[in-house]
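S.K.: Quick one: this structure, given as structure tokens, is what I'll be asking you about.
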Amino acid sequence: MAVQTVAGNTGVSLGSADALSCRECGERFPLGPVFACEMCFGPLEIAYDLPAGDPEGLRKRIEAGPNSIWRYAPLLPVPADVADKPNLNPGFTRLVKADNLARELGVTGELHVKDDSGNPTHSFKDRVVAIAVEAARAFGFTTLSCSSTGNLAGAVGAAAARAGLRSCVFIPHDLEQGKVVMAAVYGGELVGIEGTYDDVNRFCSELIGDPAGEGWGFVNVNLRPYYAEGSKTLAYEICEQLGWRLPDQLVVPIASGSQLTKIDKGLRELIALGLVEEKPYKIFGAQAAGCSPVSRAFKEGHDVVRPVKPDTIAKSLAIGNPADGPYVLDIARRTGGAVEDVDDTQVVEAIKLLARTEGVFAETAGGVTVGVTKKLLEAGLLDPAATTVVLNTGDGLKTLDAVAPTTGPSAIIRPNLDSFREAGLA
Ligand SMILES: *Cc1c(COP(=O)(O)O)cnc(C)c1O
Ligand SMILES: [Zn+2]
């Protein structure tokens, strides 16, 4: 593990986080609210001085920790007393052993669904925001903000309310009602922008460079290196819940691609720290056909991701110009995985399949991962005999519109037995 200290560190103390390091050229910078390398404009990520050398002790310490992402605080850029501050305590969501779904899909090995709909604002975004809040506090930001495809706005609004920070979040104006209401209900400011997520994101970058954005911490822009680390906790939890064991295959949704790249980082850290036994694992990326720039680049054998204009019901994944796309391609290729996409009809079918087989109601992003899992099994790219983990990153109640037209009562009857028998339900 990196054990280096950077001269001129700002004095900000965020646990075992040591420095920011450029993912392209490796240059290191002191911890601060910056996200791009001064030398090459490459994206920055957190480098750590991780607690190596005593895996058994670390494992015990984690297991004795809180039932939230804070059990992994020693591996995150957060102060040691993080769990004591007002926060949403996200994470440690259930890992569902999906035997019924496995049977339906012809999987003979272990199939698990990591169900992140159980987070405080019902999506995986609570993980990343919780880390960004600590960075915002450390850097003295007073307003918490973000560009969002929907789930992030709600997660930021809730986390800011609890932390006592002002919030002002930006979304495309035409999102699902469930997401708009959730983004607004926590009392912060919510701004709808006439444009796509990519337009919203560009606008936020402009705001950061302007005096109007002074004192604003954008969790997924100027706090992005910290925010992104929250996704590592998915990898930690999955392995711990499997009995400190790596899965063979993971199916992960792609919006910006950040989650997928950090799950890989988390798995590699667990191996390096001796918390799991090293063995190969494959990471598969999942997109909706209506916004599948990474899947297309993967299939065409390209290293660059050509931006697209999204058109899909999987709005939480609708990022046409995914910042981490090239890194996702690297990881899928390096681990022997793949990137695949499914159309909106398949997304809806997959949502219903998961609900019908396992009692898990996923949002459209979960329909994407389950649908892609089915498609990859049919194509022979996923090994049916291996241990597979499929991610559900959000709650179906947020995207009711996707299933409402084809889901409803089996019958409407009068309140008597004759009427019940007539309906053929006896
Ligand atoms: C944001 C989000 C993701 C993944 O986002 P990345 O930008 O790829 O990290 C996945 N699922 C849901 C439901 C999301 O809201
Ligand atoms: Zn660089």
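When the letters of the sequence shown are read in order and numbered with full-length UniProt numbering, they come out as residues 1 to 426. C-beta atoms are modelled at their ideal positions from N, C-alpha and C, and glycine is treated no differently. As the structure is a prediction and not an experimental result, all values here were calculated from the model.
State yes or no: is the C-beta of V304 within less than 9 Å of the C-beta of A297?
M.R.: Sequence index remark: in the sequence shown, residue 304 carries index 304 (1-based). Sequence index remark: in the sequence shown, residue 297 carries index 297 (1-based). Yes. Within cutoff.
S.K.: The beta strand (DSSP E) that contains T143, what's its start and end?
M.R.: Here residue 143 refers to the residue found at position 143 of the sequence shown. Note, T143: beta strand (DSSP E), 143-147.
S.K.: In chain order, what are the residue ranges of uninterrupted alpha helix (DSSP H) at least 4 long that sit wholly in the region 337-385?
M.R.: Here the runs fully enclosed are 344-358, 364-378.
S.K.: Between the alpha carbons of A73 and L317, how many angstroms are there, rounded?
M.R.: Start at 1 with the first residue of the sequence shown, and residue 73 comes out as number 73. Start at 1 with the first residue of the sequence shown, and residue 317 comes out as number 317. Computed Cα separation, rounded: 28 Å.
S.K.: With a Cβ-Cβ cutoff of 9 Å, do I69 and R127 count as a contact?
M.R.: Working through the sequence shown from its first residue, we reach residue 69 at position 69. Working through the sequence shown from its first residue, we reach residue 127 at position 127. A contact, by the Cβ cut-off of 9 Å.
S.K.: Are three or more beta carbon pairs between the region 83-92 and the region 177-197 nearer than 8 Å?
M.R.: Result no; under three Cβ-Cβ pairs closer than 8 Å.
S.K.: Can you pull the DSSP bridge partners for Y281?
M.R.: Counting from one through the sequence shown, the residue named residue 281 turns up at place 281. Per DSSP, none; premise fails for Y281.
S.K.: Under the three-state reduction of DSSP, which class applies to F218: helix, strand or coil?
M.R.: By 1-based counting over the sequence shown, the position of residue 218 is 218. In this structure, F218 counts as strand in the three-state DSSP scheme.
S.K.: Relative to the C-alpha of F141, which candidate in A288, N151, A130, L165 has its C-alpha closest?
M.R.: Sequence index remark: in the sequence shown, residue 141 carries index 141 (1-based). Considering only alpha carbons, the answer is L165.
S.K.: Rounding to the nearest angstrom, what Cα-Cα distance links N151 and T357 in this structure?
M.R.: By 1-based counting over the sequence shown, the position of residue 151 is 151. By 1-based counting over the sequence shown, the position of residue 357 is 357. Between N151 and T357, the C-alpha separation is close to 25 Å.
S.K.: Buried or exposed for R137, going by 16 or more other Cβ atoms inside 10 Å?
M.R.: Here residue 137 refers to the residue found at position 137 of the sequence shown. Flag for R137 reads buried.
S.K.: Looking only at DSSP bridge pairs, what is H112 linked to?
M.R.: As a first step, residue 112 must be located in the sequence shown, where it is residue number 112. In the DSSP output, where bridge partners are listed per residue, H112 has K97, V389.
S.K.: Determine whether the beta carbon atoms of D343 and E363 lie at a separation below 9 Å.
M.R.: Residue mapping note: residue 343 aligns to position 343 of the sequence shown, counting from 1. Residue mapping note: residue 363 aligns to position 363 of the sequence shown, counting from 1. No, the pair does not count as a contact, with Cβ atoms beyond the cut-off.
S.K.: State yes or no: is the C-beta of K265 nearer than 8 Å to some heavy atom of ligand 1?
M.R.: Here residue 265 refers to the residue found at position 265 when the sequence shown is read from its first residue. K265 Cβ: outside cutoff for every heavy atom of ligand 1.
S.K.: Relative to the C-alpha of I254, which candidate in V328, R202, V308 has its C-alpha closest?
M.R.: Looking up residue 254 in the sequence shown gives position 254. Checked all of V328, R202, V308; the closest Cα to I254 is V328.
S.K.: Quick check: is any heavy atom of ligand 1 less than 8 Å from the C-beta of T149?
M.R.: Sequence index remark: in the sequence shown, residue 149 carries index 149 (1-based). Answer for T149: yes, Cβ within range of ligand 1.
S.K.: Give the DSSP-derived three-state secondary structure of residue 429 in the structure shown.
M.R.: This structure cannot settle anything about residue 429, because the visible part of the chain is limited to 1 through 426.
S.K.: Looking at the structure shown, is D395 part of a helix, part of a strand, or coil, going by DSSP?
M.R.: Here residue 395 corresponds to residue number 395 of the sequence shown, with the count starting at 1. Three-state result, D395: strand.
S.K.: Can at least three beta-carbon pairs, one atom from the region 167-185 and one from the region 282-297, be found at a separation below 8 Å?
M.R.: Segments in contact, no.
S.K.: Can at least three beta-carbon pairs, one atom from the region 41-61 and one from the region 274-284, be found at a separation below 8 Å?
M.R.: Yes, since at least three Cβ pairs between the region 41-61 and the region 274-284 fall closer than 8 Å, the two stretches touch.
S.K.: Let me know the secondary structure DSSP gives L250 once reduced to three states.
M.R.: Residue 250 sits at position 250 when you count from the first residue of the sequence shown. Here L250 sits in strand by DSSP.
S.K.: Tell me the residue span of the beta strand (DSSP E) that contains S167.
M.R.: Residue 167 sits at position 167 when you count from the first residue of the sequence shown. Taken as a continuous stretch (DSSP letters only), the beta strand (DSSP E) holding S167 covers 166-172.
S.K.: Should R306 go down as buried or exposed, given a rule of 16 or more other Cβ atoms within 10 Å for buried?
M.R.: For the purposes of this step, residue 306 is taken as the residue at position 306 of the sequence shown. It counts as exposed.
S.K.: Is L152 near ligand 1, with its Cβ less than 8 Å from a heavy atom?
M.R.: As a first step, residue 152 is located in the sequence shown; it is residue number 152 there, counting from the start. For ligand 1, at least one heavy atom lies less than 8 Å from the Cβ of L152.
S.K.: With a threshold of 16 other CB atoms inside 10 Å of the CB of M39, please say whether the residue is buried or exposed.
M.R.: Translated into positions along the sequence shown, residue 39 becomes position 39. Classification for M39: exposed.
S.K.: Classify E45 as helix, strand or coil using the three-state DSSP reduction.
M.R.: The residue given as residue 45 occupies position 45 in the sequence shown. Reduced to three states, the DSSP call for E45 is strand.
S.K.: With DSSP as the reference, label L417 as helix, strand or coil.
M.R.: Taking the sequence shown and counting its residues from 1, the one referred to as residue 417 is at position 417. L417 falls in the helix class under three-state DSSP.
S.K.: Skipping 5 residues on each side, what residues in its chain have a beta carbon closer than 7 Å to that of P247?
M.R.: In the sequence shown, counting from the first residue as 1, residue 247 sits at position 247. Correct list, in chain order: I238, Y281, T387, T388, V389.
S.K.: To the nearest angstrom, how far is it from the Cα of L76 to the Cα of P51?
M.R.: Locating residue 76 in the sequence shown gives position 76, counting from the first residue. Locating residue 51 in the sequence shown gives position 51, counting from the first residue. Computed Cα separation, rounded: 11 Å.
S.K.: Quick check on DSSP: helix, strand or coil for R28?
M.R.: The sequence position of residue 28 within the sequence shown is 28, counting from 1. Three-state DSSP puts R28 in a strand.
S.K.: Grab the span of the beta strand (DSSP E) containing G150 for me, first residue to last.
M.R.: Counting from 1 along the sequence shown, the entry for residue 150 is found at position 150. No beta strand (DSSP E) holds G150; DSSP gives it neither H nor E.
S.K.: Would you please state the rounded distance, in angstroms, between the beta carbons of I46 and L20? I believe it to be under 8 Å.
M.R.: The sequence position of residue 46 within the sequence shown is 46, counting from 1. The sequence position of residue 20 within the sequence shown is 20, counting from 1. Contact flag correct, Cβ pair sits at about 7 Å.
S.K.: I'd like the list of long-range same chain contacts for F139, defined as Cβ closer than 6 Å, with 5 residues on each side in sequence excluded.
M.R.: Taking the sequence shown and counting its residues from 1, the one referred to as residue 139 is at position 139. If we look at F139 and ignore the five residues flanking it on each side, its Cβ neighbours are P33.
S.K.: Do the CB positions of G257 and G230 come within less than 9 Å of each other?
M.R.: Mapped onto the sequence shown, residue 257 falls at position 257. Mapped onto the sequence shown, residue 230 falls at position 230. No, these two residues do not count as a Cβ contact at 9 Å.
S.K.: According to DSSP, is G192 part of a helix, a strand, or is it coil?
M.R.: Position 192 of the sequence shown, counted from the first residue, corresponds to residue 192. Correct three-state label for G192: strand.
S.K.: For T108, I'd like the list of residues in its chain whose CB is within less than 8 Å of its CB, leaving aside the five on either flank, ordered along the chain.
M.R.: Here residue 108 refers to the residue found at position 108 of the sequence shown. The answer, listed in chain order, is A102, P384, A385.
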